[in-house]
Amino acid sequence: MLRRRWRRWDTVRVTTLRAGLRDRSTVLRTGVSSRAGRLPGFHGSSARGAIGNGGHASSVPKLSKARLAPGTGSLSAPTAGVGPVADQWSETGGAYERHKVNKDEHKNDPKSLQKKWERTRSRLRAELGEDIFKSWFGRVELEAVNGPTAHLSVPTPFLRKWLKSHYNERLLSCCNAEFKGVEQVEFRVRQPHDSAAVSAPAEVPGGTVHSEIKKLSASRGAITAGAAGGVDGFDGSPLDRGLTFGAFVVGSSNRLVHAAAREVADSVGQMQRRYNPLFIHGTVGHGKTHILNAIAWQARAGRPQARVVYLTAEWFMSRFVQALKSRAAVAFKESLRGIDILLIDDMEFLQGPVIQQEFCHALNSLIDSGRQIVVAADRAPSKLERLDARMRSRLAGGLVAEVAQMDLALRQQILVNCVEAERREDGKFTVPDSIIEFLASRLTEGGRELEGAIIRLRAVTRLTGEPVTADGAEFIVRDLMSTSEPKRIKIDDILRTISKHFGVNRSDLLSSRRNRSIVRPRQIGMYLAKNLTSRSLPEIGRRFGNRDHTTVLHAIRKVEQLMSDDISLKEEVELLKRVLRD
């Protein structure tokens, strides 16, 4: 009997016992067959568990081969792995593991971040290829890594949306390989004057946010007359002296917004707010920024001691990230809560769950304490899908007013005002009424293009000395009228844009390949060809690799169905349309 037991266990060899495992189990590799019973001197089946004389297997930092004691049928192990020594090491095992994890965490100092970011870029370049990398990642910059989030900045909203929808997972994977623990990537659109280089991160003073705002505004004073802070006493983003209520042209499309804004500006300092928050929405160039600037100027004129803050959503995101990096987030948030009127422009660009949460807290605190909030965006609160549901609900709880499309009469009046403003500098400048009517009928996008048209006319008349004529006016502002006369889009343009946009070869789009990465761009290309060109379905099919017209029809219906269910895809297709039209 003893001889059989000896033969059964004499091949047992424990090759590895590693310590500090989270499940506090020990891996023992043995030569025992599955029929072997429990090993004498061990508790647990299949030679797992703790060593019989009191030492936990998970407590042993390292064991050499454990051998069977001759004639006993039990294992003898080094004393370092058993008894009180093993128990003591077990108690420190967790601390050892935590210390190891902390050492692996990324350091948020500029040099370390820059090196890791360069390695991340190298990974992306190797995976995507040089052409795709340069097209989409050449202007991406790292700003900070805070906990599980890597904060990146890009120069345009289009690039931000494109990266989030097409390369977010790939980018996250490459970031996680260098920045351990990163679980999400957040993008923001940086302003031209921003510097997002991690080698020289901006610091936010530990005092109040207003000192930082004034410092920022002082550096921007040359950009916009009446910049915030310093000279004019405003805090926040720069203000334009020309954007006042007196310069705002009122029409049927903006009368409600104008009246509500005047009442808000005149009620600064009062605890009872009738329209709080006031949410203004409308398309680009219809006067939202003008209204916000006018409120700020009017509020300060009526109550000079009032703390009025005008800022963009991008400014808030940038400064909040910098406050996190310099550990001044608490001072930043407390300073925001101490203002009287907060005016937020371009709310649709507020991105990131952490930033939205902090902004929502500040918003609630201000409203609950009777402070006024005015927000402007390009769409109504309910359509800001990327905002948190609680924030959308809070923004919709006040007065929501739309700046609608300008009618012909309003556009004519804006042109007349622009001519009068130019005449104050050049008394000889004049524009006939017939040309005013012509421009108002052709320029329908917004106030900025109307103002730009008059500036061009004055420049030409001043340089040439010739009066403005109808033919001359049409020639001078013809590029501003491109939206009324869309450029002719060719299928070759669509194929080129789709190829660059999705990072696929044109030959693949025209081939018979059925990979998902090829089929979807091909279908979107067919959809765009149908909507942006006058080509027939058979012609589109021929240009997309000699396909049947039924294939084209199926692709169009498929994209339409996907767009109805997927907001991000719909936005992506709209962006592609814009790129092609521009």
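Counting from 38, one number per residue, gives the positions in the sequence shown under my numbering. Built from N, CA and C at the ideal position, the CB exists for glycine as well.
Distance, Cα to Cα, leucine 276 vs phenylalanine 353? 16 Å
Just grab the DSSP bridge partners of valine 541 for me. The partner list for valine 541 (beta bridge, DSSP) is empty, contrary to what the question assumes.
Asparagine 583 classed as buried or exposed, judged by whether at least 16 other C-beta atoms fall within 10 angstroms: exposed
Is the beta carbon of leucine 547 closer than 8 Å to that of phenylalanine 581? yes
Which residues mark the beginning and the end of the beta strand (DSSP E) in which aspartate 602 is found? Element bounds for aspartate 602: not the beta strand (DSSP E) but the alpha helix (DSSP H), 586-602.
Would you call the stretch 322-340 and the stretch 355-374 touching, i.e. three or more CB-CB distances under 8 Å? no
Any chance the stretch 536-547 sits against the stretch 585-597, with 3 or more Cβ pairs inside 8 Å? no
Quick one: what does DSSP say serine 304 is sitting in, helix, strand or coil? coil
Separation of alanine 343 from aspartate 377, as counted between CA atoms: 6 Å
Starting from asparagine 183 and walking both ways along the beta strand (DSSP E), at which residues does that stretch end? 178-183
Cutoff 8 Å; reference glycine 322; Cβ partners in own chain excluding five residues on either side: Glu482, Gly483, Gly484, Arg485, Glu486
So is lysine 217 buried or exposed if we call it buried at 16+ other beta carbons inside 10 Å? exposed
When the Cα of leucine 452 is compared with those of Arg493, Leu421, Asp425, Leu436, which residue comes out closest? Arg493
Does any CB atom of chain B fall closer than 8 Å to the CB of leucine 380? No chain B appears in the structure shown, which is made up of a single protein chain.
Let's see if you can read the secondary structure: which residues bound the beta strand (DSSP E) around threonine 326? Per DSSP, threonine 326 belongs to no beta strand (DSSP E); it is in the alpha helix (DSSP H), 325-339.
Assuming leucine 200 contacts valine 191 under a Cβ cut-off of 8 Å, what Cβ separation, rounded to an integer in Å, is found between them? 7 Å
Quick one: what's isoleucine 381 bridged to in DSSP? Leu348, Val412
To the nearest angstrom, how far is the alpha carbon of leucine 196 from that of alanine 296? 37 Å
Buried or exposed (CB count within 10 angstroms, at least 16 for buried), proline 469: exposed
So, are the CB atoms of methionine 443 and glycine 283 less than 8 Å apart? no
Could you tell me the alpha carbon to alpha carbon distance between aspartate 602 and glutamate 511, rounded to whole angstroms? 43 Å
Using the beta-carbon count (16 or more within 10 Å), is valine 367 buried or exposed? exposed
Sort Ala433, Asp303, Pro314, Asn313 by Cα distance to alanine 331 and report the nearest one. Asp303
Per DSSP, which one or two residues make a beta bridge with phenylalanine 316? Val412, Val437
May I ask you to report which of helix, strand or coil DSSP gives valine 497? helix
Expressed to the nearest angstrom, what Euclidean distance is found between the alpha-carbon atoms of lysine 137 and glutamate 164? Confidence at lysine 137 is low in this model, with a pLDDT of 39, below 50, so its placement is unreliable and no value can be given for it.
Does DSSP classify phenylalanine 353 as helix, strand or coil? helix
The alpha helix (DSSP H) with threonine 157 in it runs from where to where? 147-165
Taking the alpha-carbon positions, what's the glutamine 125 to glutamate 422 distance? Model confidence at glutamine 125 stands at a pLDDT of 34, short of 50, so the residue's coordinates are unreliable; what they give is reported in the following sentence. Taking the straight line from one Cα to the other gives about 55 Å.
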